[in-house]
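Residue numbers (my numbering), protein chains in the order written: chain C, 1 to 122; chain H, 123 to 244.
2 protein chains.
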Amino acid sequence: MSRPGTPEREFRSRCPIATTLDIVGDRWTLLILRDLILGKQRFSEFLEAPEGITTSVLTDRLARIEAAGLATRKPYQTRPTRYEYRLTKKGRDLAPVLEAISKWANRYYPGTGRVSKQITAR
Amino acid sequence: MSRPGTPEREFRSRCPIATTLDIVGDRWTLLILRDLILGKQRFSEFLEAPEGITTSVLTDRLARIEAAGLATRKPYQTRPTRYEYRLTKKGRDLAPVLEAISKWANRYYPGTGRVSKQITAR
Numbered sequence: 001m002s003r004p005g006t007p008e009r010e011f012r013s014r015c016p017i018a019t020t021l022d023i024v025g026d027r028w029t030l031l032i033l034r035d036l037i038l039g040k041q042r043f044s045e046f047l048e049a050p051e052g053i054t055t056s057v058l059t060d061r062l063a064r065i066e067a068a069g070l071a072t073r074k075p076y077q078t079r080p081t082r083y084e085y086r087l088t089k090k091g092r093d094l095a096p097v098l099e100a101i102s103k104w105a106n107r108y109y110p111g112t113g114r115v116s117k118q119i120t121a122r
Numbered sequence: 123m124s125r126p127g128t129p130e131r132e133f134r135s136r137c138p139i140a141t142t143l144d145i146v147g148d149r150w151t152l153l154i155l156r157d158l159i160l161g162k163q164r165f166s167e168f169l170e171a172p173e174g175i176t177t178s179v180l181t182d183r184l185a186r187i188e189a190a191g192l193a194t195r196k197p198y199q200t201r202p203t204r205y206e207y208r209l210t211k212k213g214r215d216l217a218p219v220l221e222a223i224s225k226w227a228n229r230y231y232p233g234t235g236r237v238s239k240q241i242t243a244r
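Right, dumping it as structure tokens:
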């Protein structure tokens, strides 16, 4: 089943929560989107995240992020070709999701850092 | 590394987004929390969700939800013992996350249903 404005893909139901989770509902995608919102653009920058993402997971998730229309890439270097990624409006519009997630963690896990202001400021 | 107020568990970083995703960042947990917010309480009710969760995944996620303090259970029947689940305040406080997720899907995937009002009304 395909949906208007999206690449052909299967969604589990018409529920908006299930649909969003089908796109970003794994342990890594929202962390890459966090880094994109905070201004990171390059593969090597995403790899530096303290969560220790592997190159193969990062490659896979960046391709999915681009396929879902959440970011675009363009080459900034040849031999070898390397790409910079930038959020689309659709991707940037996930900021309120990240903000709500951050606020919840700050309330219940006092040891967590503060990122919600940095996210909403962009 | 353990955190105050939680069962002992590992978090990938001090980032509040990573911490939340370590708890609810999979394809199913937030869907069960959606159903709890919408008033479902019993295993058989969660199984009816249109996304087609399996009994083994549901059993696993309910145990994690309880261990994370997002819901409590109490028996409503014996031989065999069956339990009803209810959200704690900590679990109910994830409603703004579900609401933000729903709004984003409604904006970009017009075929999705509307649940955000039902979620915030509870």
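Idealized CB from N, CA, C, for every residue including glycine.
Rounding to the nearest angstrom, what Cα-Cα distance links R201(H) and S166(H) in this structure? 16 Å
What in chain C is Cβ-close to Y207(H), meaning under 8 Å? Result: empty, since nearest Cβ-Cβ is about 18 Å, beyond 8 Å.
Closer than 9 Å by beta-carbon distance: list the chain H residues that pair up with R64(C), in chain order. Neighbours of R64(C) on chain H: none; closest Cβ ~13 Å, over 9 Å.
Within the chosen definition, does the segment 101-111 of chain C reach the segment 81-90 of chain C through at least 3 CB pairs nearer than 8 Å? no
What does a CB cutoff of less than 7 Å around L158(H) pick up in its chain, not counting 5 residues either side in sequence? A193, Y207, L209, G213
Please check if any C-beta of chain C sits within less than 7 Å of the C-beta of S166(H). no
Would you please verify whether the beta carbon of L98(C) is less than 7 Å from any beta carbon of chain H? yes
What's the gap between the Cα of I170(H) and the Cα of I154(H)? Looking at the sequence shown, residue 170(H) is not Ile but Glu. Using only the alpha carbons, I get a separation of about 11 Å.
Buried or exposed: E10(C), going by 16 or more other Cβ atoms within 10 Å of its Cβ? exposed
Against G91(C), what residues of chain H qualify as contacts under a CB-to-CB distance less than 8 Å, listed in chain order? Here the premise fails: no neighbours, minimum Cβ distance about 10 Å.
How big is the Cα-Cα spacing for P16(C) and I23(C)? 11 Å
Are the C-beta of R14(C) and some C-beta of chain H separated by less than 7 Å? yes
Residues of the segment 101-120 of chain C whose Cβ lies closer than 8 Å to any Cβ of chain H, in chain order: I101, S102, K103, W104, A105, N106, R107, Y108, Y109, P110, G111, T112, G113, R114, V115, S116
Considering only residues of the same chain and omitting the five flanking positions on each side of V57(C), which have a CB-CB separation below 8 Å? W28
Between which two residues does the alpha helix (DSSP H) holding P96(C) run? 95-108
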